[in-house]
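The numbering used here numbers the first residue of the sequence shown as 60 and each following residue consecutively.
Just below is one structure, and these are the notes that go with it.
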Amino acid sequence: MCLADNFSGLGLGLLKFCLEHSDGNVTSTDQSQYQRNQEDYKWLMEALNNLESDTQKMKKLIDKLNDGNLSTQEKIYALEGIQYFVEDLDLANDMIKVNGLTTIVNLLNHEDPKIRFWTAWIIASLSQNNPNTQMALVHLDVLNLLCNIIQTETDENTKDKQLYALSSLTSNNQTLMDLFVDSHNGLPYLTSLVLSNSPSSQFKAIWFIYKLLSFRPSNLNIIKKDTSLLSNLIKVLSTSEKLETRERTIQLLQLIIKDDPVAKQTSISLGLDKTIAERL
Numbered sequence: 060m061c062l063a064d065n066f067s068g069l070g071l072g073l074l075k076f077c078l079e080h081s082d083g084n085v086t087s088t089d090q091s092q093y094q095r096n097q098e099d100y101k102w103l104m105e106a107l108n109n110l111e112s113d114t115q116k117m118k119k120l121i122d123k124l125n126d127g128n129l130s131t132q133e134k135i136y137a138l139e140g141i142q143y144f145v146e147d148l149d150l151a152n153d154m155i156k157v158n159g160l161t162t163i164v165n166l167l168n169h170e171d172p173k174i175r176f177w178t179a180w181i182i183a184s185l186s187q188n189n190p191n192t193q194m195a196l197v198h199l200d201v202l203n204l205l206c207n208i209i210q211t212e213t214d215e216n217t218k219d220k221q222l223y224a225l226s227s228l229t230s231n232n233q234t235l236m237d238l239f240v241d242s243h244n245g246l247p248y249l250t251s252l253v254l255s256n257s258p259s260s261q262f263k264a265i266w267f268i269y270k271l272l273s274f275r276p277s278n279l280n281i282i283k284k285d286t287s288l289l290s291n292l293i294k295v296l297s298t299s300e301k302l303e304t305r306e307r308t309i310q311l312l313q314l315i316i317k318d319d320p321v322a323k324q325t326s327i328s329l330g331l332d333k334t335i336a337e338r339l
């Protein structure tokens, strides 16, 4: 039995019409391509034209968040839905078109940690390797906002997402990475997060620093003016239980002290095992 036999009531013309217009984009001229009476399509056109696109669904969730009567739990549900949509690059860009970014940014400082958690996650997804949304968010002062709220965040899971959002906001964007380093004191800022109580945040901070140093070697000069980062990395190397974190720490140490006898000697004086230092 062929597939068409299961839709014998529709007929091949109507079945083809359904399949080719499942996105809801139907015009009256589309009907002329099929050998059926136009009356046969009237009910179908009404149904398909009423279908909502993902952008429209996302816009409805944004509108819900702007409803002052929405409960905290209802806001969380809406944010979860938005996060699902903005994983798609096109839908992430559509957030600009539907004026949804301001609504999300305004929730960064919400009193509920779960709302702050989902808001940070959405910003991370929106800006991941996406110059359009990165710049739009920076124009809304999100870079500065994230730097401030991470320092005061009391919920470790939320802080982890906020750091993820900060990293994503500058990801593969030299202009924004330089802005973070030069105008927001980015390297000392991240150095303080290397000793975070959250293993995940600790790893993200180390990886973020590694990217900043790799993308602009002159950042090494900033790091070498102060021994704080070397000291913190050596502590992580001896205390972290995560193999992935220790490996990334060694990579970062190697980047800092390679071909630099002074930095290597400084690391040894700060407690780095001499054997390890000599191998880096």
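We put the CB at the ideal spot given by N, CA and C, even for glycine.
task: Let me know if LEU167 comes out buried or exposed under the rule of 16 or more other beta-carbons within 10 Å of its beta-carbon.
output: Here residue 167 is taken as the residue at index 108 of the sequence shown, counted from 1. That one is buried.
task: Grab me the residues of ASP171's own chain with a C-beta within less than 7 Å of its C-beta, minus the 5 sequence neighbours each way, in chain order.
output: Counting from 1 along the sequence shown, the entry for residue 171 is found at position 112. These residues qualify, in order along the chain: THR131.
message: If you follow the alpha helix (DSSP H) that ASP219 is in, where does it begin and where does it stop?
response: For the purposes of this step, residue 219 is taken as residue 160 along the sequence shown, with counting starting at 1. Residues 215-229.
query: In whole angstroms, what is the alpha-carbon distance linking SER259 and ARG307?
result: One-based indexing of the sequence shown puts residue 259 at position 200. One-based indexing of the sequence shown puts residue 307 at position 248. Approximately 12 Å, taken between the alpha carbons.
message: Short of 7 Å in beta carbon distance, which residues of its chain neighbour GLY140, apart from the five on each side in sequence? Order them along the chain.
response: Counting from 1 along the sequence shown, the entry for residue 140 is found at position 81. The residues are LEU120.
Pairwise C-alpha distance: LYS134 and ILE174: If you number the sequence shown from 1, residue 174 lands on position 115. If you number the sequence shown from 1, residue 134 lands on position 75. If you draw a straight line from the Cα of ILE174 to the Cα of LYS134, it comes to about 7 Å.
query: What is the rounded straight-line gap between the Cα of LEU205 and the Cα of VAL321?
result: By one-based count along the sequence shown, residue 205 stands at place 146. By one-based count along the sequence shown, residue 321 stands at place 262. Rounded to the nearest angstrom, the two C-alpha atoms are 35 Å apart.
Minimum C-alpha distance to SER112 - residue among VAL157, SER242, TYR136 and LYS123: In the sequence shown, residue 112 corresponds to position 53, counting from 1. When only C-alpha atoms are compared, the closest one is VAL157.
task: For THR298, collect the residues of the same chain with a Cβ closer than 6 Å to its Cβ; drop the 5 residues on either side in sequence, then sort them by chain order.
output: Within the sequence shown, numbered from 1, the residue matching residue 298 stands at position 239. Cβ neighbours of THR298 beyond the five flanking positions: none.
Identity of the residue in PHE267, MET154, GLN261 and HIS243 nearest LEU302 by Cα: Residue numbering aside, residue 302 sits at position 243 when the sequence shown is read from its first letter. Checked all of PHE267, MET154, GLN261 and HIS243; the closest Cα to LEU302 is GLN261.
query: Run through DSSP, which three-state label would GLN313 get?
result: Walking along the sequence shown from the start, residue 313 turns up at place 254. DSSP places GLN313 in helix when its eight states are reduced to three.
- request: Quick one: grab the DSSP three-state call for LEU331.
  value: The sequence position of residue 331 within the sequence shown is 272, counting from 1. In this structure, LEU331 counts as coil in the three-state DSSP scheme.
field: Counted within 10 angstroms of its Cβ, other Cβ atoms place ASN280 as buried (16 or more) or exposed
entry: Within the sequence shown, the letter at position 221 stands for residue 280. Counting Cβ neighbours within 10 Å, ASN280 comes out exposed, since fewer than 16 surround it.
query: DSSP three-state call for ARG338: helix, strand or coil?
result: Residue numbering aside, residue 338 sits at position 279 when the sequence shown is read from its first letter. ARG338 falls in the helix class under three-state DSSP.
- prompt: For GLU300, does the three-state DSSP call read helix, strand or coil?
  reply: Working through the sequence shown from its first residue, we reach residue 300 at position 241. In the structure shown, GLU300 sits in coil (DSSP, three-state: anything other than H, G, I, E or B).
query: On the three-state DSSP scale, how would you describe VAL201?
result: On the sequence shown, position 142 is the one that residue 201 refers to. Correct three-state label for VAL201: helix.
- request: Check the C-beta distance from ALA183 over to THR217 and give it rounded, since I have them as a contact under 8 Å.
  value: In the sequence shown, counting from the first residue as 1, residue 183 sits at position 124. In the sequence shown, counting from the first residue as 1, residue 217 sits at position 158. Actually they are not in contact, since the Cβ atoms of ALA183 and THR217 sit about 12 Å apart, beyond 8 Å.
query: Are any of the Cβ atoms in chain B nearer than 9 Å to that of LEU302?
result: Of the protein chains in this structure there is only one, and it is not chain B.
query: Which stretch, first to last residue, makes up the alpha helix (DSSP H) that contains LYS284?
result: Walking along the sequence shown from the start, residue 284 turns up at place 225. Where LYS284 is concerned, there is no enclosing alpha helix (DSSP H), given that its DSSP letter is neither H nor E.
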